[in-house]
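K.L.:
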Amino acid sequence: MAQGVLIFAEQREGVLKPSSLEAATLGRELKKEIGGELSVAIIGANSSSLSSEFKQYGVDKVYLADSEELNQYDGERYTALLAEAVSKAQPSVLIIVASAMGKDIAPRAASSLGAGLATDCTGVKVIDGKIIITRPVYAGKALIKLRIDSELQILSIRPNVFPKKAEGDTDPEVIELQIGEKKNPVSEVQHVKSERPELTEASIIVSGGRGMGGPENFHLTEELADVLGAAVGASRAVVDAGWRPHTEQVGQTGKTVSPNLYIACGISGAIQHLAGMSSSKVIVAINKDADAPIFKVATYGIVGDLFEVVPKMIKEIKALNS
Amino acid sequence: MNIVVCMKSVPSSETKVKINSDGVTIEQTDVVFEINPYDEYAIEEAIRAKEAHGGKVTILTLGAATATQNIRKALAMGADEALHLICENAELADSSTIAELLYSAIKEIEFDVIFCGKKAIDCDNHQLPNRLAQLLDIPAVTAISNLELTTESGSAKRNIEGGTELITVNLPALFSAEKGLNEPRYASLPGIMAAKKKPLEERQVSMSNEKLTILSLELPPPKPKGRIVGEGPEAAGELVRILREEAKVI
Ligand SMILES: Cc1cc2nc3c(=O)[nH]c(=O)nc-3n(C[C@H](O)[C@H](O)[C@H](O)COP(=O)(O)OP(=O)(O)OC[C@H]3O[C@@H](n4cnc5c(N)ncnc54)[C@H](O)[C@@H]3O)c2cc1C
Ligand SMILES: Nc1ncnc2c1ncn2[C@@H]1O[C@H](COP(=O)(O)O)[C@@H](O)[C@H]1O
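Protein chains in written order, with my numbering: chain A, 19 to 340; chain B, 210 to 459.
Here it is as structure tokens:
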């Protein structure tokens with residue numbers, strides 16, 4: 019009988035992805051209701067030390083594959099290891115974070131384990147021992163509630179939605195996984211050096227739209243981002259105009275983000291843009307058009323010229339910080 | 210080079226969602242169906258591969274009968290033929306079921322490369338490409354923003370948090386497209402004329418063995434009404450104070 023919860027701990031270069039602890043916190047909550055053990059699968063080079071990061075998350079067992087050969091994510095190999103952890107732990111629930119890696123490994127694992135998968139979940143409940151999940155569809159214009167009927171229920175969770183909470187202290191047992199052979203080489207991982215946090219992981223995002231007037235003015239959103247320790251985002255209009263890179267686009271055909279604070283500067287709030295950011299906890303809109311649709315979703319708004327408002331905000335925040 | 214593109218017809222991104230009284234589907238009258246935006250990049254990449262290496266492009270769609278017009282659009286862009294698996298109410302269906310159905314059809318087609326979109330913008334599942342590749346037992350690289358294709362292999366770039374991965378796989382292989390992979394072409398008038406005569410096979414299929422049950426579909430709760438803090442730069446100080454003291458987010 020399948021029982022308990024397994025978490026896929028995501029790491030790159032020996033650094034744990036912070037949202038993995040959100041997954042562990044959710045796992046600990048689910049375990050209280052469905053019983054069994056809470057275990058974590060940790061896969062990657064120099065990853066053995068990561069098990070200690072789960073000490074305060076009620077983890078009973080760690081399934082570990084730590085080898086130099088696993089220094090880069092390789093979908094097939096990582097999936098095989100995750101499947102091995104599943105066959106050892108026999109969980110009824112597997113939780114993965116819906117990051118770039120998680121979005122790739124979750125359907126691979128689901129397919130190879132013959133399981134149902136609900137991706138990018140924003141709500142999870144247990145009813146009669148079964149997981150009931152909520153996820154946005156139609157770009158957030160509707161919410162769907164699903165039950166996963168396979169014996170193993172796999173879900174990927176949207177980062178920044180489920181709070182993480184350290185509690186207690188456990189000393190998990192570590193079980194090593196057998197590392198299989200390499201099939202498809204990842205030739206290279208290129209890092210884009212950035213002083214700013216990554217968009218999908220940031221707790222604050224400052225985004226600019228066509229109201230920024232041109233690529234030369236984005237130093238304003240960048241400065242505001244820097245005084246807040248925030249990431250920088252953009253609307254599709256400015257990405258398509260070549261003012262900002264694709265990687266910064268937020269929306270239906272860009273990234274889905276749910277930071278604590280999203281500041282939209284000169285963005286009208288088209289439905290496709292809202293699709294990517296409406297689950298942000300606090301939304302601030304700065305727009306000179308009082309009728310812009312962005313004000314319908316904004317928690318706080320300033321009607322005004324961003325070229326006057328943003329520099330003033332930067333000044334005020336600097337004053338607070340000093 | 211034989212190429213298959215998996216293409217889904219989805220409600221246009223402008224669609225106002227209304228939920229039917231059954232509580233699990235959306236009202237479809239007045240909904241305009243378009244090619245899933247990510248699949249447009251897949252179609253474009255497929256046509257470019259054909260232009261570079263010869264061969265043909267087959268469009269594969271599973272969906273309602275109304276998807277025909279979008280299949281013709283893909284043929285007008287430059288795809289050669291199409292297979293339409295007709296099945297109503299497949300929009301929000303479980304990816305494992307869709308993958309099985311597409312797999313049964315694809316395994317009878319000769320292919321070197323399969324292109325998909327990264328995700329369908331209606332169900333936002335982000336599952337099908339990897340599930341299909343697993344069933345076919347071929348390598349897959351998902352959400353690619355660049356591809357160098359030869360007759361033997363493909364080197365694809367995918368964006369990850371804070372960087373890119375460059376992954377090389379041998380063909381046959383599957384790639385799913387991210388925005389930025391290319392700029393999809395518009396169909397030309399001769400293309401639209403030619404598309405009318407290109408082969409389009411239709412087959413009825415039915416779904417079974419779903420691993421997910423849809424319990425309900427709901428509109429999201431309305432957002433509490435926001436607050437206009439003020440007008441112009443004078444409001445900036447007050448906004449910053451609210452963000453620090455009331456919302457406690459900075
Ligand atoms: C299939 C599809 C997918 C799409 N996907 C996305 C997506 O992922 N992300 C996305 O963002 N869009 C997407 N779009 C595009 C979307 O429909 C809008 O065109 C786009 O979001 C508009 O960007 P914007 O708000 O920057 O520009 P605009 O709509 O032009 O808005 C500019 C705003 O700036 C304000 N402004 C101008 N000057 C100032 C000033 N000095 N101070 C303050 N305010 C000022 C104006 O009042 C206006 O509200 C998609 C569209 C389609 C069809
Ligand atoms: N019903 C379908 N028919 C054809 N291709 C599909 C279908 N559903 C999904 N796909 C393909 O799989 C990709 C990802 O979809 P999904 O996993 O459903 O988000 C899409 O961009 C299409 O390329």
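C-beta: ideal position from N, C-alpha, C; glycine also. If you're wondering where the values come from, they're calculated on a predicted model, not measured in any experiment.
In the DSSP assignment, the beta strand (DSSP E) including Phe26 of chain A goes from what residue to what residue?
P.N.:
That run of the beta strand (DSSP E) goes Val23 to Ala27.
K.L.:
Measure the C-alpha to C-alpha separation of Gln90 of chain A and Gly372 of chain B and round it to an integer number of angstroms.
P.N.:
13 angstroms
K.L.:
Chain A partners of Arg394 of chain B, CB-CB under 7 angstroms?
P.N.:
Those within 7 angstroms of Arg394 of chain B in chain A number zero; the least Cβ separation is about 16 angstroms.
K.L.:
Looking at the unbroken beta strand (DSSP E) that takes in Gly62 of chain A, where does it start and where does it end?
P.N.:
Looking at the DSSP string, Gly62 of chain A is not in any beta strand (DSSP E), and its letter there is neither H nor E.
K.L.:
Would you call the CB atoms of Ala63 of chain A and Gly32 of chain A closer than 8 angstroms?
P.N.:
yes
K.L.:
So what does Tyr81 of chain A bridge to, in DSSP terms?
P.N.:
A:Ala59 and A:Ile193
K.L.:
Leaving out the 5 sequence neighbours to the left and right, which residues in its chain are closer than 7 angstroms to Gly232 of chain B when beta-carbon positions are compared?
P.N.:
Ser425 and Leu426
K.L.:
Roughly how many angstroms lie between the CA atoms of Phe313 of chain A and Ile228 of chain B, to the nearest whole one?
P.N.:
25 angstroms
K.L.:
Is His291 of chain A helix, strand or coil when you go by DSSP?
P.N.:
In the structure shown, His291 of chain A sits in a helix (DSSP, three-state: H, G or I).
K.L.:
Which class does Ala136 of chain A belong to by DSSP, given the choice of helix, strand or coil?
P.N.:
strand
K.L.:
Is Leu452 of chain B near ligand 1, judged by its Cβ being under 7 angstroms from some heavy atom?
P.N.:
no
K.L.:
Listed in chain order, which residues of the region 218-238 of chain B have Cβ atoms closer than 8 angstroms to some Cβ of chain A?
P.N.:
Listed by position, the residues of the region 218-238 of chain B near chain A (Cβ gap below 8 angstroms) are Pro220, Ser222, Glu223, Thr224, Lys225, Val226, Ile228 and Ile235.
K.L.:
Within a Cβ cutoff of 7 angstroms, which residues of the same chain sit near Met331 of chain A, ignoring the five residues on either side of it in sequence?
P.N.:
Leu242
K.L.:
Helix, strand or coil: which one does DSSP assign to Phe325 of chain A?
P.N.:
Secondary structure of Phe325 of chain A (DSSP, three-state): helix.
K.L.:
Taking the alpha carbon of Pro190 of chain A as the point to measure from, which residue in A:Glu51, A:Ser69 and A:Ile114 has its own alpha carbon closest?
P.N.:
A:Ser69
K.L.:
Specify, as a first and last residue, the run of the beta strand (DSSP E) that Lys432 of chain B falls within.
P.N.:
It is not in any beta strand (DSSP E) - Lys432 of chain B carries neither H nor E in the DSSP assignment.
K.L.:
Have a look at B:Lys225, B:Glu243 and B:Leu398 and flag the residue whose alpha-carbon is nearest the alpha-carbon of Ile235 of chain B.
P.N.:
B:Lys225
K.L.:
With 8 angstroms as the C-beta to C-beta threshold (strictly closer), list the residues of the region 248-261 of chain A near chain B in chain order.
P.N.:
none
K.L.:
Suppose you measure from the CA of Ile281 of chain A to the CA of Glu40 of chain A; what does that come to, to the nearest Å?
P.N.:
24 angstroms
K.L.:
In or out: Val210 of chain A buried (at least 16 other Cβ within 10 Å) or exposed?
P.N.:
Label assigned to Val210 of chain A: exposed.
K.L.:
Need the endpoints of the beta strand (DSSP E) that Leu161 of chain A sits in, please.
P.N.:
Ala160 to Ile166
K.L.:
Could you name the residues of the same chain whose beta carbon sits closer than 7 angstroms to that of Ala316 of chain A, not counting the 5 residues immediately before and after it, in chain order?
P.N.:
Ile301, Val302 and Ala303
K.L.:
Given 8 angstroms as the limit, is there contact between the region 113-131 of chain A and the region 329-339 of chain B, that is, 3 or more CB pairs closer than that?
P.N.:
yes
K.L.:
The alpha helix (DSSP H) that contains Ala101 of chain A, what's its start and end?
P.N.:
Gly93 to Ala107
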